[in-house]
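*Asks:* From first to last, the protein sequence lines are chains Y and U. For the first sequence, this note's numbering begins at 44 and goes up steadily by one. For the second sequence, this note's numbering begins at 4 and goes up steadily by one. I'd like to ask some things about the structure below.
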Amino acid sequence: MGKNKNVMEVIKKRRSIRDFTDQDIPKQDIKKLIEAARWAPSGSNIQAWRIYVVRGEKVESIKKFSPGILSNPPIIFVMCADIEEAEDKGGKLSKELLTKLDIAIAAQNICLQATSMDIGTCYIASFNKEATKEILGMPDNHQPELVLTVGKPEKTPDPPKRKNLDELTRWVGWNDE
Amino acid sequence: MMSKNEKPVFFDLFCYVSSSARGLVEEPKLYGPLRLLETMERIIEELEKEDRSNEFYKEIKDKIEENKYTLMEDEEKFVGFLDELVKMLAEKENEL
Numbered sequence: 044m045g046k047n048k049n050v051m052e053v054i055k056k057r058r059s060i061r062d063f064t065d066q067d068i069p070k071q072d073i074k075k076l077i078e079a080a081r082w083a084p085s086g087s088n089i090q091a092w093r094i095y096v097v098r099g100e101k102v103e104s105i106k107k108f109s110p111g112i113l114s115n116p117p118i119i120f121v122m123c124a125d126i127e128e129a130e131d132k133g134g135k136l137s138k139e140l141l142t143k144l145d146i147a148i149a150a151q152n153i154c155l156q157a158t159s160m161d162i163g164t165c166y167i168a169s170f171n172k173e174a175t176k177e178i179l180g181m182p183d184n185h186q187p188e189l190v191l192t193v194g195k196p197e198k199t200p201d202p203p204k205r206k207n208l209d210e211l212t213r214w215v216g217w218n219d220e
Numbered sequence: 004m005m006s007k008n009e010k011p012v013f014f015d016l017f018c019y020v021s022s023s024a025r026g027l028v029e030e031p032k033l034y035g036p037l038r039l040l041e042t043m044e045r046i047i048e049e050l051e052k053e054d055r056s057n058e059f060y061k062e063i064k065d066k067i068e069e070n071k072y073t074l075m076e077d078e079e080k081f082v083g084f085l086d087e088l089v090k091m092l093a094e095k096e097n098e099l
């Protein structure tokens, strides 16, 4: 994909990739994905999220406890909340909600940046948090919230059906009908 | 304490099934059938490793692989596939 793809094209091109090639992703490219996450908005600018970038044997171990990973990703990102920092700086709201929203937004930045680089991703919520913490030796304050699988797509699925705009939208204060 | 070399048969499957059981408490209802199909596939893979599978199981595994993701795209098609899978097994039961 060229540099000039506009945002809407990248958004529409993104798919949930569930079949990856064996090809590794260079660390430099991974850093670009993290950089995209770094620029995501964050409630009160707390940025209480951490990313574990995992490859090799540990991916295989986490996969065993992740029913949602039905593929063979070379790399996974385990997106975590630092619940201690969230609570210290942002209170209960940050700990229980805002940091989770921040993680979701950061994850979407990663997925869109990845799409623009022809790297595939898939959001995974079906994974066992306790097993993942144990396998990665996480401290108690790191709470896994989301896994992203990352790799070069082997197959890219067709886009699934989308609800139409009218079903999704309520126009308020628009008198142009 | 067992070493990695001594990992017993079905260990990975038990990791998967127990994590599925925990996850399904909160997950969408239709993920249950998906996890069960995936379990069937994994059991067949274990049988293949031990050379105890057969053509019929291979056919089932291929069909599951081909159809399991229809859940994400078309629920009706996914349920139709489940019916077809059960029918295949019922037909086999009559043959045996």
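Glycine included, each C-beta is placed from N, C-alpha and C at the ideal position. In this text, all values refer to a predicted model and were calculated from it rather than measured experimentally.
Quick check: is any heavy atom of the ligand PLP less than 7 Å from the C-beta of residue 63 (chain Y)?
*Replies:* This structure does not include the ligand PLP; it has no bound ligands of any sort.
*Asks:* Please classify residue 125 (chain Y): does DSSP put it in a helix, a strand, or coil?
*Replies:* Three-state DSSP puts residue 125 (chain Y) in a strand.
*Asks:* Looking only at DSSP bridge pairs, what is residue 98 (chain Y) linked to?
*Replies:* According to DSSP, which records beta bridges pairwise, residue 98 (chain Y) is partnered with Y:118.
*Asks:* Between which two residues does the alpha helix (DSSP H) carrying residue 208 (chain Y) extend?
*Replies:* Element bounds for residue 208 (chain Y): 208–211.
*Asks:* Please name the residue or residues paired with residue 164 (chain Y) in a DSSP beta bridge.
*Replies:* Answer is Y:59 and Y:193, bridged to residue 164 (chain Y).
*Asks:* Over the uninterrupted alpha helix (DSSP H) stretch that includes residue 205 (chain Y), give me the two end residues.
*Replies:* Note, residue 205 (chain Y): premise wrong, no alpha helix (DSSP H); not H, not E.
*Asks:* Under 8 Å, do residue 146 (chain Y) and residue 188 (chain Y) count as touching if we go by C-beta distance?
*Replies:* Yes, the Cβ-Cβ distance between residue 146 (chain Y) and residue 188 (chain Y) is below 8 Å.
*Asks:* Would you kindly work out how many angstroms separate the C-alpha atoms of residue 84 (chain Y) and residue 165 (chain Y), rounded to a whole number?
*Replies:* Looking at the two C-alpha atoms, the distance is approximately 21 Å.
*Asks:* Taking only the alpha-carbon atoms, compute the straight-line gap between residue 112 (chain Y) and residue 217 (chain Y) and give it to the nearest angstrom.
*Replies:* Going by the C-alpha atoms only, they are around 44 Å apart.
*Asks:* Taking residue 30 (chain U) as the query, report the chain Y residues whose CB atoms sit under 7 Å from its CB, ordered along the chain.
*Replies:* Ordered by position in chain Y, the residues that pass the 7 Å Cβ test against residue 30 (chain U) are 169.
*Asks:* Should the segment 128–140 of chain Y be regarded as contacting the segment 197–214 of chain Y, the criterion being three or more beta carbon pairs within less than 8 Å?
*Replies:* In short, these stretches do not touch, since the Cβ pair count stays below three.
*Asks:* Taking residue 15 (chain U) as the query, report the chain Y residues whose CB atoms sit under 8 Å from its CB, ordered along the chain.
*Replies:* What residue 15 (chain U) touches in chain Y: 107.
*Asks:* Should residue 174 (chain Y) be flagged as near chain U, meaning a C-beta pair shorter than 8 Å?
*Replies:* Residue 174 (chain Y) counts as touching chain U.
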